[in-house]
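A.B. asks:
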Ligand code: NAD
Ligand code: WQD
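In this note's numbering, the protein residues as written are 8 to 351.
1) Distance check for residue 148 and residue 284, CA to CA, integer angstroms please.
2) Can you tell which of 287, 142, 318 has its C-alpha closest to the C-alpha of residue 215?
3) Does the ligand NAD have even one heavy atom less than 7 Å from the beta-carbon of residue 267?
4) Can you tell me whether residue 67 sits near the ligand ADP, meaning its C-beta is under 7 Å from at least one heavy atom of the ligand?
5) Quick one: any contact between the stretch 167 to 187 and the stretch 259 to 274, if contact means 3 or more CB pairs under 8 Å?
6) Would a C-beta distance cut-off of 8 Å place residue 199 and residue 31 closer than the cut-off?
7) Could you please give me the residues that DSSP links to residue 223 through a beta bridge?
8) First and last residue of the beta strand (DSSP E) that includes residue 183?
9) Just the Cα atoms here: how many angstroms apart are residue 60 and residue 234?
10) Which two residues bound the contiguous alpha helix (DSSP H) that contains residue 42?
11) Please identify the residue among 173, 204, 113, 237 whose C-alpha is closest to the C-alpha of residue 142.
12) Look at the alpha carbon of residue 307 and the alpha carbon of residue 132, and state the distance between them as a whole number of angstroms.
13) Mind listing, in chain order, the continuous beta strand (DSSP E) runs of no fewer than 3 residues lying wholly within the stretch 54 to 109?
14) Which residues in the same chain as residue 222 place their Cβ atom closer than 6 Å to its Cβ, once the five residues preceding and following it in sequence are excluded?
15) Below 8 Å on the Cβ atoms is my contact criterion, and I expect residue 164 with residue 267 to pass it. Report the Cβ-Cβ distance as a whole number of Å.
16) Taking DSSP as the reference, what is the three-state secondary structure of residue 187?
17) Within the stretch 265 to 346, note down every full alpha helix (DSSP H) run reaching 4 residues or more, in order along the chain.
18) Return helix, strand or coil for residue 134, following the three-state DSSP convention.
19) Under the criterion of a Cβ to heavy atom distance below 7 Å, does residue 128 qualify as lining the ligand WQD?
20) So, for residue 344: in the same chain, excluding its five sequence neighbours on each side, which residues have a beta-carbon less than 6 Å away from its beta-carbon?
21) What number of angstroms, rounded off, separates the C-alpha of residue 247 from the C-alpha of residue 81?
22) Which same chain residues, not among the five before or five after residue 64, have their C-beta less than 6 Å away from its C-beta?
23) Is residue 250 closer than 8 Å to residue 25 when the C-beta atoms are compared?
24) Residue 319: which of 46, 245, 197 sits nearest, CA to CA?
25) Applying the criterion that 16 or more other CB atoms from any shown protein chain within 10 Å of the CB defines a buried residue, is residue 203 buried or exposed?
26) Could you tell me whether the stretch 99 to 117 touches the stretch 45 to 56, where touching means 3 or more Cβ pairs closer than 8 Å?
27) Taking DSSP's pairing of strands, which residues face residue 240 in a bridge?
28) When DSSP labels each residue in this structure, what does residue 33 get in the three-state scheme?
29) Does the Cβ of residue 201 have 16 or more other Cβ atoms within 10 Å, making it buried, or fewer, making it exposed?
Have a look at this one:
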């Protein structure tokens with residue numbers, strides 16, 4: 008039986024494919040290359056030395072999905088495909104609802120049609136909204152998201168809940184990621200955001216390599232020990248391992264389970280910047296700006312449930328996150344577009 012990985016050419020998808028292949032799973036990957044390209048698939052094969060089938064297909068394309076499900080033997084789906092830029096989601100909300108919510112409904116319909124009822128879904132810590140106390144626990148109320156991207160994750164969680172209530176034979180695992188950073192240790196796969204990056208780590212590495220003039224630090228007056236925001240950064244390889252462990256939890260009986268994937272540790276922006284400078288030996292030019300709209304002061308996970316039920320504990324600390332992000336950035340200044348491109 009194969010695991011179908013939607014969005015498997017993307018940042019978290021490629022790392023998860025590597026972990027799955029290395030743990031002996033057979034996979035089939037589907038992606039529309041909206042935010043990735045075929046080189047990502049080639050590199051997953053290169054890292055693992057394993058072959059697998061790839062389909063260029065959109066999850067909103069029910070006919071295309073039906074053809075794949077009709078032809079292939081699929082046991083479960085890991086569903087990464089979707090749009091993920093918070094700021095962009097405010098500008099083009101309909102695209103986010105159509106891709107994320109519409110795409111997931113189309114996928115679930117086809118899965119139902121073919122009797123495949125096991126799915127692992129990529130949710131986000133953003134569903135905890137702004138009113139829960141930290142650390143966030145899986146049984147806290149969710150919703151109250153401040154942007155359309157977050158709303159899509161919240162809505163999809165509701166849809167999965169309703170689906171499970173309608174038919175308890177479904178086996179649903181919702182994974183709420185905290186802040187994924189880092190790259191595969193080979194330096195061959197990693198994240199390459201389009202345009203000016205939104206997230207912390209690519210902003211730091213691009214300033215360090217000279218692609219950005221400066222790293223802009225948003226807000227130094229939060230009610231935190233050093234005045235900068237605190238987040239729970241998790242190495243993408245750990246995150247990928249969390250998916251492999253989640254798959255092992257899917258069983259024949261059915262169930263709906265929710266797990267946080269984080270480290271349980273909070274790190275401030277200044278702490279991450281210092282860790283990066285130590286790991287890379289590069290002094291990063293910084294420009295301090297006022298707070299960024301929508302940022303919470305502190306966000307980190309309670310990781311007890313993932314530890315006790317999945318046997319998942321994040322292995323990698325800040326140093327490794329920075330070393331791997333830096334290697335990826337230096338060796339692939341244009342992401343996966345060209346081979347052999349090192350700046351130094
Ligand atoms: P990514 O953009 O690198 O990967 C997503 C992949 O899905 C891309 O390869 C893209 O081409 C593909 N895709 C997009 N729309 C599609 C569609 N309609 N049909 C088929 N393929 C499509 O993003 P990522 O960081 O790897 O995130 C993966 C998932 O994890 C997303 O659902 C994202 O919302 C979620 N997530 C990400 C983060 C994060 O910080 N990166 C945090 C929490 C949750
Ligand atoms: C972290 C901290 C910034 C960039 C977002 C989404 C969330 C999830 C993960 C997808 C904050 C500060 C950042 C910069 C900075 N994504 N920062 N300068 O906002 O916690 O979460 O990504 O699911 O849904 O909201 O992550 O990396 O953007 O920011 O000072 O150039 O770094 O202000 O304090 P965030 P982030």
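Each residue gets a CB set at the ideal place from its N, CA and C atoms; glycine is no exception.
C.D. replies: Reading off the structure:
1) 38 Å
2) 287
3) no
4) Ligands displayed in this structure: the ligand NAD and the ligand WQD; the ligand ADP is not among them.
5) yes
6) no
7) 294
8) 178 to 184
9) 48 Å
10) Here residue 42 belongs to no alpha helix (DSSP H), and DSSP marks it neither H nor E.
11) 237
12) 8 Å
13) 60 to 63, 81 to 86
14) 210, 211, 214, 291, 293
15) The pair is not a contact, with the Cβ atoms about 13 Å apart (cut-off 8 Å).
16) strand
17) 276 to 287, 325 to 338
18) helix
19) no
20) none
21) 20 Å
22) 37, 71
23) no
24) 245
25) exposed
26) no
27) 186
28) strand
29) exposed
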